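Participant:
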Amino acid sequence: MDLFTYLGNTANKALRGETLSVEEAVLSIFLTLALAAAAVPLAIEAGVVTYQYGKTKGWWK
Numbered sequence: 002m003d004l005f006t007y008l009g010n011t012a013n014k015a016l017r018g019e020t021l022s023v024e025e026a027v028l029s030i031f032l033t034l035a036l037a038a039a040a041v042p043l044a045i046e047a048g049v050v051t052y053q054y055g056k057t058k059g060w061w062k
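Numbering-wise (our numbering), the sequence shown opens with residue 2 and increments by one.
1. Please go through the stretch 11-41 and give each complete alpha helix (DSSP H) segment of 4 or more residues, from N-terminal end onward.
2. In three-state terms, what does DSSP make of K62?
3. List the whole-angstrom C-beta distance separating T11 from L21, where the pair is believed to meet the contact cut-off of C-beta under 8 angstroms.
Here it is, written out as C-alpha cells:
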C-alpha cells in the first residue's frame with residue numbers, strides 16, 4: 002500500500018467516526034509530516050523558478 006492510499010484510508014476511517022489505534026494515529030501523523038516536509042521545499046523551488054522565468058520575460062524588473 003502506498004503512502005497516499007494509506008493516508009486516505011486512515012482519513013476515511015476517522016471521518017466515519019471509527020477509533021484509530023495508537024499505531025495508526027502515530028503512523029499517520031509521522032507520514033503526514035514527512036509528506037509536508039517533502040512538499041514545502043518543492044513548492045519553494047517552483048516559486049523561485051517561476052520568479053526567475055518571469056524576470057527573463059520582463060514580468061519583474
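Yeah, the Cβ is synthetic: ideal placement off N, Cα and C, and Gly gets one too. These figures come from a predicted structure and were not determined experimentally.
Facilitator: Quick look at the numbers:
1. none
2. Stepping through the sequence shown from its first residue, residue 62 is reached at position 61. Three-state result, K62: coil.
3. One-based indexing of the sequence shown puts residue 11 at position 10. One-based indexing of the sequence shown puts residue 21 at position 20. That pair is a contact at about 7 angstroms.
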